[in-house]
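For the record, the sequence lines run as chains A and B. Residues in the first sequence are numbered from 1 upward in steps of one, following the numbering used here. Residues in the second sequence are numbered from 225 upward in steps of one, following the numbering used here. We put the beta carbon where it would ideally sit given N, CA and C, even for glycine. Since the structure comes first, as C-alpha cells, the remarks are kept for the end.
There are 2 protein chains.
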Amino acid sequence: MSTQTIPVGQDILSPAKQAAQELRAEFTRRGIFIVNIVSSPGAGKTSLLEATARHWVNQNKMSVLVGDLATDRDAQRLSPLAPTVQLTTGGACHLEMPLIKKGLGELGEIETNFLFIENIGNLVCPASHDLGEHLRVVVLSTTEGDDKPGKYPKMFRTSQVLVITKSDLLPYVPFSVEAAVADARLIQPNLQAVTVCARSGEGIPEWCRLLDNAREQMLATRDA
Amino acid sequence: MSTQTIPVGQDILSPAKQAAQELRAEFTRRGIFIVNIVSSPGAGKTSLLEATARHWVNQNKMSVLVGDLATDRDAQRLSPLAPTVQLTTGGACHLEMPLIKKGLGELGEIETNFLFIENIGNLVCPASHDLGEHLRVVVLSTTEGDDKPGKYPKMFRTSQVLVITKSDLLPYVPFSVEAAVADARLIQPNLQAVTVCARSGEGIPEWCRLLDNAREQMLATRDA
C-alpha cells in the first residue's frame with residue numbers, strides 16, 4: 001500500500017494547547033510575563049513568592065494564581081502581599097487551562113508585569129500541561145535530595161529555570177547544589193539555576209533580576 | 225418510570241481492585257504483611273526503609289518493591305540491605321497492580337514477613353490506587369510544612385499511619401508535630417502517628433514495633 005503526505009500548513013493543536021498559546025500571545029501583547037512554578041509539595045513555592053513580593057514591595061509588579069487540591073491556605077498567605085486568587089482543583093493533580101481562565105476572570109483587569117501561576121505540589125503531572133507560561137520554573141528544596149532531577153526527568157526537561165530553595169538548611173542535610181544542578185543539566189543542558197533562602201532573602205535579588213531580564217527579553221522579541 | 229433494584233450479592237470490582245484484593249488475601253494466607261508507603265518526592269521513604277532494614281538486620285524480615293519514574297537509584301541504595309526490585313513507570317505518576325505483579329515475579333519466592341511497596345513520590349495520584357496493601361503509610365517530612373494534610377486530604381484520608389520524618393531538622397524549620405498530626409486527624413481521626421529521624425535512628429524502634437503489632441493483628445484476625 002502506498003502512502004501520501006498531505007501538508008496541512010500548521011500544527012493541529014488540542015483545544016488545551018491552543019488556549020495556552022492564545023493566552024501567551026495575548027499576555028505578550030499586554031507586556032505581562034507568565035511564570036508557571038512547579039515543585040514537590042512543601043518545596044517552598046509560596047515562600048518564594050512571598051519573598052519575591054517583599055523584594056518588589058510598592059512596585060505593583062505581580063499577581064498570583066495559586067493552585068491546591070483543597071483549602072485557601074496559600075492565598076491567605078499571599079493576598080496581603082499581591083493580588084491573589086486561589087484555585088482549588090477538588091482533587092486533580094495539576095492545573096489546566098479552564099481553571100486558569102476562571103482565575104484570570106476573578107483577578108480582573110490588573111496592572112501587573114508578572115503573573116505567577118503556583119501549580120499543584122506534584123513533580124509529575126504538571127509537567128505535561130502548558131498553561132500559557134513564558135517561563136517554567138522548577139523549585140527543588142535542599143531537603144529533598146540532590147538525586148531528584150534524574151528521578152523526575154520530564155519536569156526538569158520542560159523547565160527553563162531551577163530554583164534551589166532552603167539554602168539555610170544546607171549545613172544540616174546531605175545535599176550538593178553542584179550535584180543537583182549537574183544532574184538536572186544532564187536532562188536540560190540550558191537550565192538556568194539560582195539558589196535562594198526565602199526566609200533570609202539570600203539569592204532573592206538574583207532571582208528577581210533573572211525574572212526582570214526574562215521579561216525584558218520577551219518585550220524585545222515582541223517589538224523587534 | 226419505575227426503577228427496580230437487582231441484588232447481585234457482591235460488589236462489582238474493577239479488575240485492578242479485584243487483583244489488589246486477591247493479592248492481599250494471598251499474602252494474608254502466607255503471613256506476609258504488605259505496606260504501601262506514599263509521600264512527596266524527597267520526604268525520606270527510602271531512608272526510612274534503610275533504617276528499618278538496619279534495625280531488623282539479620283532477621284530476614286523484609287523485601288522491597290521500589291517505584292520511580294526513571295533510574296534505579298533507590299534500588300541501588302536498598303539492595304545491600306534487603307531483597308529489592310526496582311519498578312520504573314516510564315513517566316506514570318503512581319504504581320498499579322500489573323507492575324506490582326511483575327515486580328513480585330522478579331522477587332521470586334522469598335522468605336519474608338513484610339513486603340514494602342515504596343510508591344512514586346507524589347502526594348496526589350497514588351491515593352487512588354489500592355495495591356493490595358494491609359497498611360498504607362503516609363510519610364511527611366518536617367521540612368514540608370505542617371499545613372500539608374489539609375491541602376492533600378485524600379492521601380491522609382486513605383492512610384492508617386503517619387510517619388513524620390527528619391525530626392533532626394525540627395530546630396531549624398517552622399514545623400509543629402502537634403499541628404501536623406492535629407490537621408491530619410481532622411481528616412482521618414484514627415491515624416496513628418510516629419516521629420522519626422532515619423539518620424540518627426530516633427523513633428525507628430517505635431516504628432518497627434508498630435509494624436510488628438500490625439502484622440500480629442493481621443495474623444490473629446486470620447487465625448480467629
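CA-CA distance, A:Ile117 to A:Leu65, rounds to 5 Å. Non-local beta-carbon contacts of B:Phe399 in its own chain, meaning distances under 6 Å to residues more than five positions away in sequence, involve Thr366 and Asp370 in chain order. DSSP, read as helix, strand or coil, puts B:Gly356 in coil.
Below the 7 Å Cβ cutoff, chain B contributes Ser264, Thr367, Glu368, Gly369 and Lys372 as neighbours of A:Gly42, in chain order.
Your pair B:Thr276 and B:Ile411 does not check out as a contact, with CB atoms roughly 26 Å apart and the cut at 8 Å.
In the DSSP assignment, B:Ala444 falls within the unbroken alpha helix (DSSP H) covering Ile428 to Asp447. In this structure, DSSP gives B:Ala316 a state outside helix and strand, which the three-state scheme calls coil. Taking each of B:Gly356, B:Ile334, B:Arg439 and B:Leu247 in turn and checking the Cα distance to B:Asn343, the smallest one comes out for B:Gly356. By the beta-carbon neighbour count (other beta carbons within 10 angstroms, threshold 16), B:Gly268 is buried.
Taking a 10 Å sphere around the C-beta of A:Gln86, we find 16 or more other C-beta atoms and assign the residue as buried. Interface annotation for the stretch 114-130 of chain A against chain B: Ile120, Gly121, Asn122, Leu123, Val124 and Cys125, criterion Cβ-Cβ distance under 8 Å. B:Glu426 is positioned such that its CB atom lies no closer than 9 Å to that of B:Asp447.
A:Pro41 sits close to B:Lys372, with the two beta carbons spaced by under 9 Å.
Non-local C-beta neighbours of A:Lys17 in its own chain, meaning closer than 8 Å and more than five positions away in sequence, comprise Asp130, ordered along the chain. Here DSSP, grouped into helix, strand and coil, assigns B:Gly255 to coil. Beyond the five residues adjoining it in sequence on each side, B:Pro377 comes within less than 7 Å, by CB distance, of Ile411 in the same chain, given in chain order.
A:Leu162 and B:Phe338 have their alpha carbons spaced roughly 38 Å apart. As summarised for the stretch 321-377 of chain B, the continuous alpha helix (DSSP H) elements at least 4 residues long and confined to that stretch are 321-331 and 372-375, given in chain order.
Counted as a single uninterrupted DSSP element, the stretch harbouring A:Val177 is not any beta strand (DSSP E) but the alpha helix (DSSP H) occupying residues Val177 to Ile187. The beta carbon of A:Cys93 sits closer than 9 Å to some beta carbon of chain B. In the three-state reduction of the DSSP assignment, A:Asp68 falls in the strand class. In the DSSP assignment, A:Gln76 falls within the alpha helix (DSSP H) that extends over Arg73 to Leu78.
With fewer than 16 other beta carbons inside 10 angstroms of its own, B:Val281 counts as exposed. For the 9 Å CB-CB criterion, A:Leu23 and A:Lys101 form a contact. Any Cβ of chain B closer than 9 Å to the Cβ of A:Pro153 would place that residue at the interface, and such an atom is present. Comparing alpha carbon positions, the residue from B:Cys432, B:Asp436 and B:Ala444 closest to B:His279 is B:Cys432.
In this structure, B:Arg360 lies away from B:Asn437, with their beta-carbon atoms at least 9 Å apart. The continuous stretches of beta strand (DSSP E) do not include B:Thr276, which lies in the alpha helix (DSSP H) extending over residues Lys269 to His279.
In terms of beta-carbon proximity, A:Arg136 stays away from the interface with chain B, with every pair separated by 9 Å or more. Under the DSSP assignment, B:Gln416 falls in the beta strand (DSSP E) whose first and last residues are Gln416 to Thr419. Per DSSP, reduced to three states, the secondary structure at B:Gln283 is coil, with no helix or strand assignment.
The residue from B:Leu415, B:Val418, B:Thr313 and B:His358 with its alpha-carbon nearest to that of B:Phe251 is B:His358. Residue burial annotation: B:Asn346 is buried, with at least 16 other C-beta atoms found within 10 angstroms of its C-beta. Bounds of any beta strand (DSSP E) do not take in A:Thr158, whose DSSP letter is neither H nor E. Neighbours of B:Ala294 in chain A, taken as residues at a C-beta separation under 7 Å, are given in chain order as Gly150, Lys151 and Pro153.
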